[in-house]
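Chains as they are written, first to last, in the numbering used here: chain A, 1173 to 1308; chain B, 1173 to 1308; chain C, 1173 to 1308; chain D, 1173 to 1308. All residues carry an ideal CB built from backbone N, CA and C; glycine is no exception. Nothing here was measured: the structure is a model prediction, and the numbers come from that model. Read the structure below first, then the notes.
There are 4 protein chains.
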Amino acid sequence: MIISETKIRVYYQDTDKMGVVYYGNYARYYEIGRTEMIRELGFTYKQMEELNILLPARSLKINYLKSAYYDDLLTIRTIIDSIPKVKFPIKTEIYNEVGELINSGEVVLAFFSALTNKPTAAPKFFTDELIRLFNN
Amino acid sequence: MIISETKIRVYYQDTDKMGVVYYGNYARYYEIGRTEMIRELGFTYKQMEELNILLPARSLKINYLKSAYYDDLLTIRTIIDSIPKVKFPIKTEIYNEVGELINSGEVVLAFFSALTNKPTAAPKFFTDELIRLFNN
Amino acid sequence: MIISETKIRVYYQDTDKMGVVYYGNYARYYEIGRTEMIRELGFTYKQMEELNILLPARSLKINYLKSAYYDDLLTIRTIIDSIPKVKFPIKTEIYNEVGELINSGEVVLAFFSALTNKPTAAPKFFTDELIRLFNN
Amino acid sequence: MIISETKIRVYYQDTDKMGVVYYGNYARYYEIGRTEMIRELGFTYKQMEELNILLPARSLKINYLKSAYYDDLLTIRTIIDSIPKVKFPIKTEIYNEVGELINSGEVVLAFFSALTNKPTAAPKFFTDELIRLFNN
């Protein structure tokens, strides 16, 4: 299992008139979490794209447990708990400053070749590195 | 079952560098669909709020089936298929201009009293109207 | 002078915790206004792009006169008052439901060739049509 | 003159189909810059709001000089160069990773009392601290 944590500040633009983070913005937080995780692992989406591999989302599930408020410093915990094949499920948990789990969910991405315009297997260099990290 | 349809144009701001609608923007489309449905039924969220009833999201599921592109005119089909109690599940389907289903999902809202700060039953005037429409 | 009007509903996602439309969202409203104007004139940005012409923004000015609120039906009035050369200034005025001017501004776009990667003159078919409309 | 710098990573959600940061997103970057500046000075917007002081935007000017791209790490430089009275002008400059100025602009906020529902003078504790910093 690989776990990565990123901090996110809640800004004005993230809130709605209920005074909390707009429900539609969590997908953005999830993306920030997984982008930073992938960077931590030594990769970037950008590198994937240079290999003509895109990672479109196939599905998304979000559970809204508690609200997040303006100026909160949230912790985005991003979790990979299996080696991806064509599909790449990534779990996310979001915690507030007092450590409460306020949001949890899962996005399933798919490796997709921009050359063949079809789903494709996760690149070997990527799964090899994940396997290495899983075994550590 | 109550079905409502709204048209949405895809603007520049909805796309990302993959050239398609950003995965995180569908939650916004879902909200537009259900806001317009509730308006069609003769209600508005605003009226709910004047009754001190909020409708925060409890969960969200989205299936990304096909991409939506810049300038597409999408049809958001919003579906209520049960009478809400405290939870209010709403299904959404999105179709492109050639009639393909490109996205489907479900949000579960909850009726929430701003007075007691607790979940509350759907207001009677609302469920009565839904029952009337279901029986037509 | 060419004037075009589009209606926009204010949704939850457009508001912030002050309960009004977030100041950063007006640029999006301006874009919706000019996209619909260009469509009304019989063109689309998409057609421009097929000609390898992009229209990036060069500058933006916005005056915030009054707030816009959730559920408001706003009128976006988009105005072209000169024939564009390389730069393409577009004025926008936004009115609320009681006809008050709540926001005004101007974006200056530039015609830009994706082939030469340089600024370019407005395409003749486009300025010809504008001249025709100005003379009507 | 008070200068504050904040780093911002460009994520997928910030880009549009031109592959660059969407022109409408810079207002959000400006807000992040000034929020972090105000925090650095030892204040938060939140504290202002607890004093029933809001800071709505009155005007915004943005110059788009160069594009910002996905995955760029931008430097937001926020500048206060005068002691605010009722109006509070804040300048912003954005630099890319190679130190090029890619965007510059100015927002004018106004101190506004939520109690009287009218413009109000900048709170003395705030201007005093700014004067102290200007004199250092």
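At what residues does the alpha helix (DSSP H) containing E1212 (chain C) begin and finish? Within the third sequence, residue 1212 (chain C) is the residue found at index 40, counting from 1. Run containing E1212 (chain C): Y1198 to E1212, per the alpha helix (DSSP H) assignment.
With F1297 (chain C) as the anchor, note down where its beta strand (DSSP E) starts and where it stops. Counting from 1 along the third sequence, the entry for residue 1297 (chain C) is found at position 125. Careful: F1297 (chain C) lies outside any beta strand (DSSP E), inside the alpha helix (DSSP H) at K1296 to N1307.
Identify, in the order they occur along the chain, each residue of the same chain with its Cβ nearer than 6 Å to the Cβ of L1226 (chain D), setting aside the five sequence neighbours on each side. Within the fourth sequence, the letter at position 54 stands for residue 1226 (chain D). F1284 and A1286.
List the whole-angstrom C-beta distance separating A1229 (chain D) from Y1202 (chain C), where the pair is believed to meet the contact cut-off of C-beta under 8 Å. Taking the first residue of the fourth sequence as 1, we reach residue 1229 (chain D) at position 57. Taking the first residue of the third sequence as 1, we reach residue 1202 (chain C) at position 30. Contact doesn't hold; Cβ gap of about 15 Å is too wide.
Considering only residues of the segment 1248-1282 of chain D, which uninterrupted beta strand (DSSP E) runs meet the minimum length of 3 residues and lie entirely inside it, listed in chain order? 1259-1267 and 1273-1282
Exposure label - T1288 (chain D); buried when at least 16 CB within 10 Å: Residue mapping note: residue 1288 (chain D) aligns to position 116 of the fourth sequence, counting from 1. T1288 (chain D) comes out exposed.
On a Cα-Cα basis, can you pick out the residue from C:N1275, C:I1251, C:A1294 and C:V1258 that is closest to E1177 (chain C)? Counted from its first residue, the third sequence places residue 1177 (chain C) at position 5. When each option's Cα is compared against that of E1177 (chain C), the closest is C:I1251.
Along the beta strand (DSSP E) that carries Y1236 (chain D), what are the first and last residues, could you check? The residue labelled residue 1236 (chain D) in the question sits at position 64 within the fourth sequence. Y1236 (chain D) -> beta strand (DSSP E) spans A1229 to Y1236.
Sort A:I1266, A:V1279 and A:E1222 by Cα distance to S1231 (chain A) and report the nearest one. The sequence position of residue 1231 (chain A) within the first sequence is 59, counting from 1. Cα-wise, what sits closest to S1231 (chain A) is A:V1279.
Backbone CA spacing between T1247 (chain D) and I1180 (chain D) [nearest angstrom]: Here the question's residue 1247 (chain D) lines up with position 75 in the fourth sequence. Here the question's residue 1180 (chain D) lines up with position 8 in the fourth sequence. When rounded, the distance between both Cα atoms is 6 Å.
Would you tell me roughly how many angstroms separate the C-alpha atoms of Y1194 (chain A) and N1308 (chain A), rounded to the nearest one? Locating residue 1194 (chain A) in the first sequence gives position 22, counting from the first residue. Locating residue 1308 (chain A) in the first sequence gives position 136, counting from the first residue. Distance between the alpha carbons of Y1194 (chain A) and N1308 (chain A) is about 38 Å.
For K1218 (chain D), report the span of its alpha helix (DSSP H) as first-last. Working through the fourth sequence from its first residue, we reach residue 1218 (chain D) at position 46. First-last of the alpha helix (DSSP H) with K1218 (chain D): Y1217 to E1222.
According to DSSP, residues forming a beta bridge with T1187 (chain B): For the purposes of this step, residue 1187 (chain B) is taken as the residue at position 15 of the second sequence. Looking at the DSSP assignment, T1187 (chain B) forms a beta bridge with B:V1193.
Compute the Euclidean distance between the alpha carbons of N1275 (chain A) and F1298 (chain D), then round it to the nearest angstrom. Locating residue 1275 (chain A) in the first sequence gives position 103, counting from the first residue. Locating residue 1298 (chain D) in the fourth sequence gives position 126, counting from the first residue. Near 36 Å, if we compare the C-alpha coordinates of F1298 (chain D) and N1275 (chain A).
From B:E1208, B:L1305, B:E1222 and B:N1197, pick the residue whose C-alpha is nearest to that of Y1242 (chain B); which is it? Reading the second sequence from its first residue, position 70 is the one you call residue 1242 (chain B). Residue B:N1197 is the option with its Cα nearest to Y1242 (chain B).
Counting only beta-carbon atoms, is D1188 (chain A) nearer than 8 Å to chain C? For the purposes of this step, residue 1188 (chain A) is taken as residue 16 along the first sequence, with counting starting at 1. Interface residue, yes.
Check whether the Cβ of P1256 (chain A) lies closer than 8 Å to any Cβ atom in chain B. Translated into the one-based positions of the first sequence, residue 1256 (chain A) becomes position 84. Output row for P1256 (chain A): interface = no.
Residues of chain B with CB under 7 Å from R1206 (chain C), in chain order? As a first step, residue 1206 (chain C) must be located in the third sequence, where it is residue number 34. Simply none; closest approach about 10 Å.
Could you name the residues of the segment 1212-1231 of chain B whose beta carbon sits closer than 8 Å to any beta carbon of chain C, in the order they occur along the chain? T1216, Y1217 and K1218
If we ignore side chains and look at the alpha-carbon of each, how far apart do K1257 (chain D) and K1259 (chain C) end up? To locate residue 1257 (chain D), count along the fourth sequence from 1; it is residue 85. To locate residue 1259 (chain C), count along the third sequence from 1; it is residue 87. Using only the alpha carbons, I get a separation of about 36 Å.
Less than 8 Å between the C-beta atoms of G1277 (chain B) and T1264 (chain B), yes or no? Residue mapping note: residue 1277 (chain B) aligns to position 105 of the second sequence, counting from 1. Residue mapping note: residue 1264 (chain B) aligns to position 92 of the second sequence, counting from 1. Going by C-beta atoms, G1277 (chain B) is nearer than 8 Å to T1264 (chain B).
Contact list for the segment 1232-1256 of chain D against chain B, Cβ threshold 7 Å: Y1242
Answer with yes or no whether the minimum CB distance from Y1184 (chain D) to chain A is below 8 Å. If you number the fourth sequence from 1, residue 1184 (chain D) lands on position 12. Output row for Y1184 (chain D): interface = yes.
Alpha carbon of L1281 (chain D) to alpha carbon of I1262 (chain D), nearest angstrom: Taking the fourth sequence and counting its residues from 1, one reaches residue 1281 (chain D) at position 109. Taking the fourth sequence and counting its residues from 1, one reaches residue 1262 (chain D) at position 90. Rounded to whole angstroms, L1281 (chain D) to I1262 (chain D) spans 8 Å at the Cα level.
Kindly indicate which three-state DSSP category T1178 (chain A) falls into: helix, strand or coil? Residue mapping note: residue 1178 (chain A) aligns to position 6 of the first sequence, counting from 1. It is a strand residue.
Run through DSSP, which three-state label would Y1242 (chain B) get? Within the second sequence, numbered from 1, the residue matching residue 1242 (chain B) stands at position 70. Of the three classes helix, strand and coil, the one that applies to Y1242 (chain B) here is coil, per DSSP.
Residue closest to D1300 (chain A), alpha-carbon to alpha-carbon, out of A:G1271, A:I1234, A:L1213 and A:N1224: Walking along the first sequence from the start, residue 1300 (chain A) turns up at place 128. The residue with the shortest Cα to Cα distance from D1300 (chain A) is A:L1213.
I think I1255 (chain C) touches L1302 (chain C), with their Cβ atoms under 8 Å apart; what is that distance to the nearest whole Å? Position 83 of the third sequence holds residue 1255 (chain C). Position 130 of the third sequence holds residue 1302 (chain C). The Cβ separation is near 5 Å, so the contact holds.
Would you check if the distance between the CB atom of D1188 (chain D) and the CB atom of D1188 (chain B) is smaller than 8 Å? Residue 1188 (chain D) sits at position 16 when you count from the first residue of the fourth sequence. Residue 1188 (chain B) sits at position 16 when you count from the first residue of the second sequence. A contact, by the Cβ cut-off of 8 Å.
If you check the beta carbons only, do Y1183 (chain B) and T1207 (chain C) fall under 8 Å apart? For the purposes of this step, residue 1183 (chain B) is taken as the residue at position 11 of the second sequence. For the purposes of this step, residue 1207 (chain C) is taken as the residue at position 35 of the third sequence. Yes.
Report yes if the C-beta distance between D1244 (chain C) and E1269 (chain C) is below 8 Å; otherwise report no. Position 72 of the third sequence holds residue 1244 (chain C). Position 97 of the third sequence holds residue 1269 (chain C). Yes, Cβ-Cβ distance for D1244 (chain C) and E1269 (chain C) is below 8 Å.
Contacts of G1191 (chain D) in chain C (Cβ-Cβ under 7 Å): Locating residue 1191 (chain D) in the fourth sequence gives position 19, counting from the first residue. Ordered by position in chain C, no residue passes the 7 Å Cβ test against G1191 (chain D), which lies about 10 Å from the chain.
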